[in-house]
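One structure is given below, encoded as structure tokens.
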Amino acid sequence: MRFLHTSDLQIGKVFGNFSAEESSALQDARQASIRALGQVAIKAQASAVFIAGDIFEKQQMSQQALARAIENMRPFTSLKWHLMPGNHDRYQENGLWDRLARMQLPENVMLHTRPGAVQIADDDGKRVFLLPAPLKFTSNPDDLTSYMDTEATPEGAIRLGIAHGSVQGFGSEGEANNYISPTRPESAGLSYLAMGDWHRQIRIGDRCWYSGTPEPDQFKLPPNAVTSRCNGGSALIVDVMGSNSAPSVTSVPTGHYRWHLVEKTLTEDYQVDTLESELRSLGADLSRMALDLRARGALSLAGRRNFEEKILHHVGAALRALRFDEGGLVLNPTDQDLDEIDRSGFVRVAADRLKAIAADSADSNRAQVATQALKRLYLEHLRQEVLS
Amino acid sequence: MKIRSIELTNFRKFVGTIKVENIGDKVSVLVGRNELGKSTLLEAINAAIFEKAKSAAAHVKAYRHFVNGTIPEVKLSFDVDGKSWTIHKKFAGQSGKSILKCSDNRLFEDDAAEDELQKLLGFKSGSRGGEPGIWGTLWVRQGESFGQEGLDEQAQQTMQQCIEAQVGLVTGGSRGQKIPKAVKAALNELQTGRGPRGKYKETIDRLQGLVKEKSELEEKRVLLAKELELLERSNRDLKTEKTDWDEAAHQNELSSERANKTLAATLASEIAAAATAAKSAQERITNAMKALQERRQNVGSLQKFKQQLADLEPQTLELNTGQKTANDLLDAGEIALAALRDFASKMSSKGRNLDRTRTLVSINKEIVEINSVLEKATRLESEADKLPEAIGAIAATDSLVAQIEKAGIALVTAEAAMNAVATAVSFNIQAEALPHLYINGTPLSNPTQALSLIEKTNIVIREIGTITIEPKVKDRVEFFKRKQDAEAALESALTNAGAKDLATAREAAAQRNQHTRQLEHIQKEIAGLTPGDPTKKLKPGLDHIKSYGGELRGQLKNMLAELGFEKVPTEEALDRQIEQYHKETDRLNLEISKAGGSVAGLKVASADADKKAQDHQVRLAVLTSSVASKEADLNASKGMVSDDQLEANIRQLGIEAASRRQDFEEKEKVQTEPMEAIDAKIRRLEGAEKNHRDAINRLETSIARSSALVEAQEGAGIEEMLLARDAEIERLGNTVAEFEKEAAVLGLLLETLEQAESEAKTRYLAPIVNRVQPYLKMLLPDTDIILDENLQISALTRAGQNEDFSLLSGGTREQLAILTRLAFAELLLGQGRPATVILDDALAFSDDERIESMFDVLMRAGEQVQIIVLTCRKKLFSRLGAAQILIDGAA
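Here the protein sequences line up with chains A and B, keeping their order. Residue 924 in my numbering sits at position 208 of the first sequence; the count goes up by one each step and never skips. Residue 1133 in my numbering sits at position 593 of the second sequence; the count goes up by one each step and never skips.
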């Protein structure tokens, strides 16, 4: 049996750190990821999609959000969508899952809100059973998969597990303390355990994988990252041959947007141009990119103006979303900067004073304000120059 | 620069040549009447310097005389940098001529002259002639001096160069001026003094709105969560309620208990009926037996009463006898007591006689005492009666003795006075010669004798002759009279006292006093014998006691008659009688007391006997009555039912009661569950059923309600909405923070710029202000001047208040403007530039006091700056104290 393994769509998630327009685009992408997953599954000739929890961001979702998600699944009639509650969308009586259940779901959508083996396919005479471990609480002290060890299925049947939690203890990548034994596939005779909760894709064992989120949602790099690309944006195509053989697992890209985290230290004004070309070469289509730019170092007033123009305004306009924290990038006004403002007169006196305040480390807040004031003076001066 | 002289020829209204010379270094006053051309003179100075001689400009052409149009000429001499210069210009258009001569013999003509002049005085050449620049400021035309100093661009540059030469470059240029304005405008867009405005405020408002919405949503979310929990719990409870309830079993149990109850109720009523029957049978027996018993008891008690009556007979007799005896004894006792009391009465009469006899004896004793007093008093009186006679016989009293003493002293005094004035004559005559000497006829008696002579005295010496001595005593008669009077007084006093001399008189007086004292003593003694006695109402005095004694004797006589005594008994006899009487009385009293006690005891015994007899009678009556009543009852009862019949009834009733009791006991033996227990069970079962149905109802209602609520809420997606609000709040929060930061940045920038600008301005204006200030203090103490960056006066500070320049009076404005010009000139001179101040008809609006102050200022400034004052007011400006030069021109 071939199926697509995904999790943590977290439909409904919002992005307050971005502008409303950026946030809206990123939000829509999460809902749209269902279609992308369907298409990838069809392309891979899979017969089912397992979503291992956190399909939705919250319990109390709007009817429209729920309906849209289901409607996005409906057209893929050749795919069976197997949905299970995670910690974000845990099972609660009369809650989200009961609402879904009341919605006259299409035949290709199956909800797994109770533990217990359910036959989901008859694969060339080999019956396939799904053993879900749905969450009833945000945090569960017990390993919800432990029942699988004793859950009976007919002899020779293929047993597939689906769970949401952390294979490591508290404090690992998962959001909640839902421990799941990484040796569960072995102890419970599972051909594959489809895990959800971690947003990065990772192989725990031959038969145990985290698919990661299909659409990135955090500026978080995987450990020992070699590129600036953040976690998420792919799913797994899993091919289960039989009850005893190890499955074949293949990662497939699914994300619409790519999230990058770029950290750069600028010490010379010319490095702004280098940074620009680096950013432009991140991808062919910057409009499908969200960037967290963490610039550090110091620039002159002229360099800073250049930075704002080329990076924040030009590249920023090309990107789908840009987050920039200027705290790490200090201003280091040069004599030339100050001379440009004025060589003498009271404006120059004011500029010199602001520079002195900005350099005073005793009051960092005031220093920061003074830096900005100096920048503002510089820009105002340039503006007056243009006007006159 | 110092102007020395000016010469005008055919300039404007002047025809011919006018020359003003000898203009001094300091202050010069050029005086000319109105219309004489003072202003023309200033115009000519301007023309000589700034206008080119060849100028064809209209205003230069206008220099020509307005009637005859002759060619005007101006010749101006001045000193610059220690050299004297003369510029001579003929304004004749193309044929005009300029000649500039220097004391070092240099000569410049026409253009060269004009150029050199420009260089020398530092002004520019303009298209319409020279531009006076700062000179225009320093040379004030008529009517201009009271306005602002009005620096044109060139003048400003000149001043600025001067100032910057002194304080360095301080301004930010024209662009620098615009930056604070732009920053202020940007800040004003963000906030006003009251707080944020525009987009900043809108964002804050939206953020607050969102926070409110969020909290409302949060509330809804909590409510929904509670509702979900409630729904879950209700469903669970409903399921449990239904599962745990077995309806059929419950109904069976209830029916069975209800049947039990019916059964038990029937049995209970039967038992109750049997019990009632048994009880009433028993009661009937009891009643019958009670009636029988009562009849028997009545017969018994009748017998008993009759016996008691019989028993009481002997007691009646005894009681009656006792009663009589007690009464007889009482009568005898009372008679004996009466006899004793009669005797006592008689004894009492005797006692009274004894009392009277005692009075009689005491009166008698008193009479004896009074008689004794009277006797003694009579003796004393006869003694006293003799004494007045003896006293009367002696004439000499103490006062008469005193008179004699006084008269004696008066005589001695008179003699002494005579002796004092008398002529002393002493004799020491031999004894044998003594009989031969006679003094006033009397022989001398003593051989040594001294005489004091007052009168003429003849001493006769027999056979010898007579010696007459006639003392010359003044007032001799007076002396003699005094002596004679004293002698007469003495003699009269002695006669009165019946004494021959003073000693006899004294003795007689003493005797008299002795008699008097004795008389007084006797009188006191008599008074002491009869002091009176208030208890007897006896007043003091002999007469009273005599009268009292008489009364007592009368009383005594009466009492003797009353008591039948012939004489008063002795006290001892009386005492004996009294003692006897007391003994008898005591014995009698004792007897009476005993007899009284006995009678009282007999009275009690008699009353007791009476009472006993009475009680006995009552008891007899009661018994007799009871016996009668019982006999009547018994007879009546026996008349109705006989004793035999009664006993037969009782036997029959006994049998009946036994049968009833047996019936009851048999019924009671049947064992059933108590009714209360059955009722409790039924109640419990019914309650349980009701509880079950209520619970189902309640839970179903709750579920329906919760489901409806949940379904109504869930579609909205509260948590999804909350997420959206959270994101928006975060976003707006960031925006507000950016605005805040922007405001802080602009604020700091503006503050820094304004401070720097203010400091720069202060520094920039300091050279002018420092020069104006000393003059200002002379004119208006306690004020400061505020200049703007264009070196114009913007305000005056007086007592901490800024007064706008335009609002000051015309006079003050003019005065301040002149001060500023003087400061400019000083500054220019300080920088080695030429400067002269010309004031045309200035200070027209100043009052007397101010104008004096201004004169002081001008004179002080004149120490450094050449000041030329053009005026028509010769007299007023003579007080300036400067050299006056008359403009003597022909108009």
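Yeah, the Cβ is synthetic: ideal placement off N, Cα and C, and Gly gets one too. These numbers come from a predicted model, not from an experiment.
- In the DSSP annotation of this structure, the continuous segment of the beta strand (DSSP E) that includes N998/B starts and ends at 997-1001.
- For the C-beta of T1292/B, the chain A residues within less than 9 Å are, from N- to C-terminus, V1065, A1066, A1067, R1069, L1070, I1073, A1086, A1089, L1093.
- Within its own chain, the residues whose Cβ lies closer than 8 Å to the Cβ of L1420/B, once the five positions on either side in sequence are excluded, are V567, V569, F1395, L1398, M1399, V1409, listed in chain order.
- Taken in chain order, the members of the segment 1048-1065 of chain A whose beta-carbon sits within less than 8 Å of a beta-carbon on chain B are D1058, S1060, G1061, F1062, V1063, R1064, V1065.
- Two segments are said to touch when three or more pairs of C-beta atoms, one from each, lie closer than 8 Å; by this definition the segment 923-943 of chain A touches the segment 951-971 of chain A.
- Among the residues of chain A, those whose CB is under 8 Å from the CB of L1286/B are A1089, R1092, following chain order.
- For the pair K774/A and G728/A, the CB atoms are nearer than the 8 Å cut-off.
- Between the segment 891-905 of chain A and the segment 936-949 of chain A, the count of C-beta pairs closer than 8 Å stays below three; the two stretches do not touch.
- Secondary structure of E1031/B (DSSP, three-state): helix.
- For the C-beta of K1281/B, the chain A residues within less than 9 Å are, from N- to C-terminus, Q1084, V1085, Q1088.
- Taking C-beta atoms as the reference points, V1139/B and L859/B fail to come closer than 8 Å.
- Our two residues, G1061/A and V614/B, have alpha carbons roughly 45 Å apart in a direct line.
- Within the same chain, Cβ atoms closer than 6 Å to the Cβ of Q1253/B are found at L764, the five residues on either side in sequence being excluded.
- Taking 8 Å as the upper bound for CB-CB distance, L730/B and A1284/B are not in contact here, some 10 Å apart.
- The segment 826-839 of chain B and the segment 1176-1186 of chain B touch, with no fewer than 3 CB-CB distances between them shorter than 8 Å.
- Contact between F1417/B and V571/B is confirmed by a C-beta separation of about 7 Å, below the 8 Å threshold.
- Under the DSSP assignment, I969/B falls outside any beta strand (DSSP E); it carries neither an H nor an E label.
- Counting only the Cα atoms, F883/B lies some 15 Å from E874/B.
- In this structure, A936/B and A1048/B form a Cβ contact; the two beta carbons are roughly 4 Å apart against a cut-off of 8 Å.
- In this structure, DSSP gives D925/B a helical state, which the three-state scheme calls helix.
- Residue pairing by DSSP places H721/A opposite F766/A, L952/A in a beta bridge.
- A direct Cα-to-Cα measurement between D1058/A and Q658/B gives close to 33 Å.
- Secondary structure of N1342/B (DSSP, three-state): strand.
- Each residue's CA atom was taken as its position, placing E1354/B and S635/B some 41 Å apart.
- For E1096/A, the residues of chain B that pass the 7 Å Cβ criterion are I719, A722, V723, in the order they occur in the chain.
- Taking the Cα positions, E1096/A is about 11 Å away from V1063/A.
- When the five nearest sequence neighbours on each side are left out, the beta carbons in the same chain lying within less than 7 Å of the beta carbon of L909/A are those of G877, A879, R900, P901, R923, C924, in order along the chain.
- Residue ranges of uninterrupted alpha helix (DSSP H) with 4 or more members, entirely inside the segment 1068-1105 of chain B and ordered along the chain, are 1082-1103.
- Per DSSP, W625/B is one residue of the beta strand (DSSP E) stretching across 623-630.
- Using a Cβ distance threshold of 8 Å, K592/B and E654/B count as a contacting pair.
- For I1009/B, the closest of K721/B, G862/B, V965/B by C-alpha to C-alpha distance is V965/B.
- Taking L794/B as the centre and dropping the five residues before and after it, the same chain places the C-beta of L1225 closer than 6 Å to its C-beta, in chain order.
- The beta carbons of R1200/B and A818/B sit about 4 Å from each other, so the pair counts as a contact at 8 Å.
- Not flagged as an interface residue toward chain B: M1005/A, since no C-beta distance is shorter than 8 Å.
- Scanning the segment 1383-1415 of chain B for uninterrupted beta strand (DSSP E) segments of 3 residues or longer gives 1406-1411, listed from N- to C-terminal end.
- DSSP, read as helix, strand or coil, puts D1380/B in strand.
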